[in-house]
Amino acid sequence: MSRNDSDNDVVRRSPSLLSLQDSAINTIVKNIGGYRELITKKISPPMRKILFDEAMRRKEEIGAYQVWVALPYLDQHRTTERFTTEDFSTIFHLKGKRGKNMISEGCVSMEEFLQYLIDFVPNLRQLIIADPRTPSTWLVHRFNFKKVQLAPLATDLLLKMKNLTHVTITDVYIQFSRFVSVCRESQNLQLIKTNTILVDIEPNSIKQFLTTLESKFGHQEYDAVKYPRRIGVILKKTDFDEPCRQAKVTLLNNLHDLFPSLTKLHILAQKELLVVGDTHSKRNRLLNILRREGGTLKALCLTYIWPEMNITFNHISEHCNDLEFFELIKSSLRHDDPITYFGKLKTFKWNETFNWECTIRLDKIMSAPLLEKIAIFNCNIKLGNKESLLNRIRNRTILTQVTNLWIMGLGPDVEDLHELASTLRSLGVQVNTYQNQTHGIMAIIIQMIYFNF
């Protein structure tokens with residue numbers, strides 16, 4: 004046989020050899036949970052990498068538990084720096100809710116999972132612990148099984164992972180006292196985030212603990228929407244000199260003095276319509292929060308502040324003298340006077356979601372002297388004293404710092420918005436306008452990007 008004949012024979016047989024390898028891989032992967040020690044004894048490291056990748060790709064087909072029990076023998080995870088329970092949500096043991104005796108098919112506890120990471124994932128840096136009740140049968144699991152809670156043993160195991168830098172706990176309960184232990188004793192921790200901390204200590208102890216961490220975590224976020232039962236916390240190391248402490252609260256919470264001094268605050272009133280006798284109470288709660296927290300605030304967002312609460316821009320400025328960012332969402336605030344008293348305000352957003360009862364007067368809003376970014380979306384936008392407003396723009400006594408402007412208005416006064424756009428163009432500002440008319444309702448969007456005049 005000539006050399007060319009031999010080479011051609013190899014080419015003809017190569018597909019068969021590749022098919023044989025694929026068949027072997029397929030056979031092993033389909034039964035990978037049963038091989039275990041044989042993987043390390045009979046299969047070379049390069050082939051283990053192929054098996055690992057294929058098993059992870061077909062995890063749902065062959066069963067997550069099969070892959071789970073084979074992982075210690077596949078080696079690839081020994082260099083893994085990121086691990087998430089979401090990849091193996093079906094392996095976890097779940098308990099039925101009260102009055103139900105059912106248990107899930109999963110047989111691995113959270114403690115066993117974490118012990119596995121200690122034993123076999125020595126380089127772990129980032130860990131995500133997520134609600135295991137979210138496989139393809141999410142609704143069934145959510146209604147039939149209890150939410151998982153990290154027991155004291157689980158948090159002790161977290162502390163044994165010395166290289167951890169990022170920890171995220173999503174929809175899995177952890178007691179605040181155990182959360183404290185993880186934050187204090189994890190030396191390399193750069194970020195920890197959880198939305199389901201069960202409050203098992205007094206409010207003043209919560210504040211004291213968060214205050215002691217200010218030097219370690221320059222960025223702190225607190226979610227107290229579900230307080231007093233639970234809160235969410237994000238702690239993150241930063242290189243910024245100025246600390247960032249932001250909170251989300253509702254008017255229903257009896258927050259007292261729960262958090263350290265805040266720089267950012269989001270307050271949500273009830274979405275439902277106010278009932279008789281409720282208006283005064285909610286108004287007082289809002290003003291009490293602003294009175295207590297407003298002195299250090301740089302950013303404020305208000306959601307669902309109804310007209311009946313009779314809140315004005317003056318109420319905000321009275322307690323929040325240093326605001327640089329102010330946003331209103333589905334809220335109505337009175338603005339009878341020009342908001343020149345917001346002397347440090349740089350960004351203003353008002354998304355009223357098209358409530359015809361709320362009129363926004365641009366001559367009042369645009370008077371803040373240092374505004375750089377403005378975004379307003381509302382049904383009823385008026386220029387107010389049109390000639391005065393346009394003259395001040397032409398004379399460059401207002402809007403001199405603005406770099407971004409977005410206005411969307413509906414209704415009969417959109418022609419005034421056209422006039423506003425024309426005035427800005429006359430000053431050499433690049434302005435884009437978009438107009439649409441549907442069912443007799445006129446809408447115009449004015450957009451200006453990156454300008455300074």
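Under the working numbering, the first residue of the sequence shown carries the number 4, and numbering increases by one thereafter. From the three backbone atoms N, C-alpha and C, an ideal C-beta is built for every residue, glycine too. A quick note: this is a predicted structure, and the numbers were derived from the prediction, not measured.
Residues of its chain near residue i, where Cβ-Cβ distance is below 7 Å and the 5 sequence neighbours each way are ignored
| i | result |
| --- | --- |
| N388 | D366 |
| S370 | P341, I342, T343, I401 |
| F179 | I200, L201, V202, D203, I204, I209 |
| H222 | K239, T241, C247 |
Straight-line Cα distance separating residue j from residue i
| i | j | result |
| --- | --- | --- |
| S5 | S22 | Only weak support is given to the placement of S5: the predicted model assigns it a pLDDT of 49, under 50, and the value that follows is read from those uncertain coordinates. Straight-line Cα distance between these residues: approximately 27 Å. |
| Q273 | Y76 | 54 Å |
| L192 | I234 | 20 Å |
| R15 | G36 | Note that R15 scores 47 on pLDDT, short of 50, meaning its location in the model is unreliable and no value can be drawn from it. |
| V185 | N198 | 15 Å |
| Y230 | I131 | 24 Å |
| K196 | A27 | 43 Å |
| R136 | I121 | 24 Å |
| D242 | I46 | 47 Å |
| H269 | R288 | 14 Å |
| A302 | F329 | 6 Å |
| N435 | V228 | 39 Å |
| N166 | S92 | 24 Å |
| Q433 | P372 | 21 Å |
| K98 | T87 | 21 Å |
| V175 | T403 | 49 Å |
| S9 | P49 | Unreliable placement is indicated for S9, whose pLDDT of 47 sits below 50; the coordinate value is still reported in the next sentence. Those two C-alpha atoms are separated by around 29 Å. |
| V111 | R294 | 50 Å |
| F262 | K149 | 30 Å |
| K33 | E64 | 9 Å |
| L374 | W353 | 14 Å |
| K219 | E311 | 43 Å |
| F454 | V405 | Confidence at F454 is low in this model, with a pLDDT of 48, below 50, so the placement of that residue should be treated as unreliable; the coordinate-derived value is given next. Taking the straight line joining both Cα atoms gives about 7 Å. |
| E224 | M164 | 24 Å |
Contact belief for residue i with residue j at Cβ below 8 Å, rounded distance in angstroms
| i | j | result |
| --- | --- | --- |
| Q249 | L265 | 6 Å |
| I368 | S334 | With a Cβ gap of about 14 Å, I368 and S334 do not count as contacting. |
| H259 | L290 | Between L290 and H259 the Cβ distance is about 16 Å, and since that is not below 8 Å, they are no contact. |
| L194 | L238 | 7 Å |
| R85 | Q129 | 4 Å |
| V1 | R39 | In the structure as shown, the chain starts at 4 and stops at 456, and residue 1 therefore has no counterpart that could be examined. |
| I384 | L420 | 7 Å |
| F345 | L331 | Their Cβ separation, rounded to whole angstroms, is 13 Å, which puts F345 and L331 out of contact at 8 Å. |
| L336 | T315 | 6 Å |
| L153 | I177 | 5 Å |
| L161 | L117 | 7 Å |
| N465 | R286 | Since the displayed the chain opens at 4 and closes at 456, residue 465 lies outside it and no answer follows. |
| T426 | R395 | Not quite, the Cβ-Cβ distance comes to about 10 Å (not below 8 Å), so this is no contact. |
Cutoff 8 Å; reference residue i; Cβ partners in own chain excluding five residues on either side
| i | result |
| --- | --- |
| D90 | M59, K62, A67 |
| F123 | L74, P75, H80, R81 |
For residue i, three-class secondary structure by DSSP
| i | result |
| --- | --- |
| D242 | coil |
| F116 | helix |
| Q211 | helix |
| R16 | Note that R16 scores 45 on pLDDT, short of 50, meaning its location in the model is unreliable and no value can be drawn from it. |
| K44 | helix |
| Q24 | helix |
| R61 | coil |
| I237 | strand |
| C304 | strand |
| Y230 | coil |
| M369 | coil |
| V202 | coil |
| L54 | helix |
| G37 | helix |
| F262 | coil |
| N398 | coil |
| V175 | coil |
Contact test: residue i Cβ vs the ligand FMN heavy atom, cutoff 7 Å
| i | result |
| --- | --- |
| I28 | With respect to the ligand FMN, the structure shown offers nothing to examine, as it has no ligands at all. |
Sheet register partners of residue i (DSSP bridge)
| i | result |
| --- | --- |
| C361 | According to DSSP, which records beta bridges pairwise, C361 is partnered with nothing at all. |
| Y344 | For Y344, which the question treats as bridged, DSSP gives no partner whatsoever. |
| R248 | Q223 |
| H169 | Q129, L194 |
| N256 | DSSP lists no partner for N256. |
| W353 | L331, I379 |
| I270 | V252, L305 |
| W71 | According to DSSP, which records beta bridges pairwise, W71 is partnered with nothing at all. |
| R337 | T315 |
| I384 | I363 |
| R85 | Q129 |
| I292 | Its beta-bridge partners do not exist; DSSP assigns none. |
Spatial neighbours of residue i in its chain, beta-carbon cut-off 6 Å, leaving aside the 5 residues before and after
| i | result |
| --- | --- |
| K376 | T350, N407 |
| E114 | L156, A157 |
| L392 | D366, L386 |
| I53 | none |
| H322 | L293, R294, G297 |
C-beta neighbour in chain D for residue i, strict 8 Å
| i | result |
| --- | --- |
| Q273 | Absent here is chain D; the protein component of the structure consists of one chain. |
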